[in-house]
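When you line the sequence shown up against our numbering, it's residues 15 to 443, in that order. The beta-carbon is built from N, C-alpha and C at its ideal position, and this holds for glycine as well. Scroll down for the structure; my scribbles are underneath it.
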Amino acid sequence: MKKGVVMIFVLSLVFMMSCSEKKKDEKSSTQIKKEVTAKEILGNPEYLAISYGGYRERSRDSQPTIPELKEDLRILSAMGVKLLRTYNVQPKLPHASNVLKAISELKAEDENFEMYVMLGAWIDCLNAWTDKEPDHSVESPNNAGEIERAAILANTYPDIVKIIAVGNEAMVKWATSYYVQPEVILKWVNHLQEMKKEGKLPKDLWITSSDDFSSWGGGSDEYHVEDLENLVKAVDFISMHTYPYHNSHYNPAFWGVPTAHKSMPDSTKIEMAMERALKFAQKQYDSVTNYMKSLGVNKPIHIGETGWATISNGQYGNNGSRATDEYKQGLYYKSMRRWTNGSGISCFYFEAFNEKWKDAHNAKGSENHFGLFTIDAKAKYPIWDLVDQGIFEGLTRGGKTITKTYNGDKALLLEDVLVPPSEEEIMAR
Numbered sequence: 015m016k017k018g019v020v021m022i023f024v025l026s027l028v029f030m031m032s033c034s035e036k037k038k039d040e041k042s043s044t045q046i047k048k049e050v051t052a053k054e055i056l057g058n059p060e061y062l063a064i065s066y067g068g069y070r071e072r073s074r075d076s077q078p079t080i081p082e083l084k085e086d087l088r089i090l091s092a093m094g095v096k097l098l099r100t101y102n103v104q105p106k107l108p109h110a111s112n113v114l115k116a117i118s119e120l121k122a123e124d125e126n127f128e129m130y131v132m133l134g135a136w137i138d139c140l141n142a143w144t145d146k147e148p149d150h151s152v153e154s155p156n157n158a159g160e161i162e163r164a165a166i167l168a169n170t171y172p173d174i175v176k177i178i179a180v181g182n183e184a185m186v187k188w189a190t191s192y193y194v195q196p197e198v199i200l201k202w203v204n205h206l207q208e209m210k211k212e213g214k215l216p217k218d219l220w221i222t223s224s225d226d227f228s229s230w231g232g233g234s235d236e237y238h239v240e241d242l243e244n245l246v247k248a249v250d251f252i253s254m255h256t257y258p259y260h261n262s263h264y265n266p267a268f269w270g271v272p273t274a275h276k277s278m279p280d281s282t283k284i285e286m287a288m289e290r291a292l293k294f295a296q297k298q299y300d301s302v303t304n305y306m307k308s309l310g311v312n313k314p315i316h317i318g319e320t321g322w323a324t325i326s327n328g329q330y331g332n333n334g335s336r337a338t339d340e341y342k343q344g345l346y347y348k349s350m351r352r353w354t355n356g357s358g359i360s361c362f363y364f365e366a367f368n369e370k371w372k373d374a375h376n377a378k379g380s381e382n383h384f385g386l387f388t389i390d391a392k393a394k395y396p397i398w399d400l401v402d403q404g405i406f407e408g409l410t411r412g413g414k415t416i417t418k419t420y421n422g423d424k425a426l427l428l429e430d431v432l433v434p435p436s437e438e439e440i441m442a443r
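As structure tokens, then:
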């Protein structure tokens with residue numbers, strides 16, 4: 015072989031090896047980029063968060079299948095959602111573990127698919143959900159198994175499970191069927207934090223509890239106990255809930271149309287009521303922030319739950335606070351996303367899809383209608399614009415393409431919108 019030919023061969027070989035190494039480096043860089051932690055995800059508007067339950071029937075005995083879960087996950091991913099919240103890992107309800115399996119399969123099918131989970135572990139008191147009197151001073155013996163299962167799943171899917179939330183509204187005293195004292199939540203948070211220190215859980219896994227703003231010190235003084243102080247110090251961040259929607263009935267002072275607004279157009283009255291709803295949520299967020307700082311603690315606070323129902327035949331409907339419809343849900347959803355995205359707050363909006371098991375005996379009960387989608391694949395008013403953008407093209411739910419509620423007719427939608435009651439009406443109740 016001639017010298018010149020040899021030189022060309024050598025240079026070609028070096029070039030090919032260089033390209034190969036470059037591709038490896040690029041692939042490695044991509045992989046590193048996708049291995050994000052909870053610290054990097056939470057508060058990042060590029061990782062929209064949502065509460066997710068994929069149940070489609072009136073009973074949780076009918077578990078959604080893996081293909082059904084993958085349908086939902088593709089829809090949520092198209093919306094820019096990359097962080098889900100689940101609620102329990104109970105043995106008879108494999109929903110959360112199946113969600114993790116579905117995400118894992120989608121990642122294997124598409125290297126660009128990205129989804130993470132805040133995994134909930136349900137916590138109860140003794141005798142919760144039985145015919146016996148709940149004992150709020152003693153925890154359920156089932157709690158230990160729930161925590162163990164959550165830890166196993168976090169270790170099985172470390173690339174997906176980035177947060178464990180110990181309990182859901184498990185400390186708030188209006189949860190009379192099951193609430194526990196803060197010492198129980200503290201015990202299990204400390205247990206999981208110790209597992210991290212011992213290398214028995216991923217070191218970047220974040221631990222929290224997801225509870226009502228009042229349970230995090232933002233409410234009455236009865237919650238300001240030493241165990242709560244220690245819990246605030248023990249968690250990696252605070253996950254608080256705020257519901258102006260529910261408070262339109264239980265604490266309606268902010269909701270009534272002021273006398274000074276009496277002559278305004280109905281559309282203005284509604285818009286201003288929703289502005290007050292946002293300020294109500296912000297006030298509750300600030301109350302938790304103030305309590306936390308009073309303890310000398312400075313940690314992230316994110317919104318573990320907030321939402322707005324679209325149908326109610328009860329206390330939020332026509333004969334109640336008149337808070338319920340898709341138009342108000344749309345105003346609330348947009349304003350919450352603007353505020354939280356702009357403020358570095360993750361908001362696990364409640365919720366992705368309607369779930370009719372929540373009030374199985376009352377089809378028009380508000381708990382069944384918090385979803386941004388109906389059961390049968392209709393996108394509600396808050397996300398009509400996403401349908402217009404075509405992001406759901408090719409995606410289905412239960413074999414049905416994604417379409418708009420009210421056939422996209424806003425005038426028809428507005429016929430179902432009611433003006434909130436006046437301050438005088440509220441005071442007279």
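Proximity to Q329 [Cα-Cα], best of Y264, T51, R351, N304 = Y264
Report yes or no: do the segment 392-406 and the segment 414-423 share at least 3 C-beta pairs separated by less than 8 Å?
-> yes
Could you tell me how far apart the beta carbons of I178 and I117 are, in whole angstroms, since I believe they sit closer than 8 Å?
-> Incorrect: roughly 16 Å between the Cβ atoms, too far for contact.
In this structure, does DSSP put W220 in helix, strand or coil?
-> strand
Around the C-beta of W136, are 16 or more other C-beta atoms found within 10 angstroms, so that it is buried, or is it exposed?
-> buried
How big is the Cα-Cα spacing for L56 and Y341?
-> 28 Å
Straight-line gap, L140 to V198 (C-alpha atoms, nearest Å) = 12 Å
Just checking, does the segment 273-287 make contact with the segment 117-134 on the three C-beta pairs under 8 Å criterion?
-> no
From T44 to R352, what does the alpha carbon distance come to, in whole angstroms?
-> Caution is warranted here: a pLDDT of 43 is assigned to T44, below 50, making its placement in the model unreliable, and no coordinate value can be reported.
Which value, in whole angstroms, describes the spacing of the CA atoms of H255 and N204?
-> 22 Å
Helix or strand or just coil, what does DSSP make of A135?
-> strand
What's the call for H109, buried or exposed, on a 16-neighbour Cβ count within 10 Å?
-> buried
If I'm right that G356 touches S253 with Cβ under 8 Å, what's the distance once you round it to whole angstroms?
-> Incorrect: roughly 20 Å between the Cβ atoms, too far for contact.
Please check the pair A445 and R72, which I expect to be a contact at CB under 8 Å, by giving their CB distance rounded to whole angstroms.
-> The chain is shown from 15 up to 443; residue 445 falls before or after that span and cannot be answered.
Indicate the three-state DSSP secondary structure (helix, strand or coil) for G344 in the structure shown.
-> helix
Which whole-angstrom value is the C-beta distance of K394 and V311, which I expect to be below 8 Å?
-> About 38 Å; that fails the 8 Å criterion.
Out of Y346, S234, T273, A425, state which residue places its alpha-carbon closest to the alpha-carbon of E289.
-> Y346
Range covered by the alpha helix (DSSP H) that runs through V103 = Where V103 is concerned, there is no enclosing alpha helix (DSSP H), given that its DSSP letter is neither H nor E.
Put I46 into one of helix, strand or coil per three-state DSSP.
-> Confidence in I46 is poor, its pLDDT being 40 and thus under 50, which makes the residue's placement unreliable; the coordinate value appears in the next sentence. Helix.
Could you please give the first and the last residue of the uninterrupted alpha helix (DSSP H) stretch that includes S281?
-> 280-308
Just to confirm, are D250 and T51 a CB contact at a threshold of 8 Å?
-> no
Counting pairs of beta carbons, one from the segment 236-246 and one from the segment 161-172, are three or more of them closer than 8 Å?
-> no
Per-residue DSSP class, three states only, for L97 = strand
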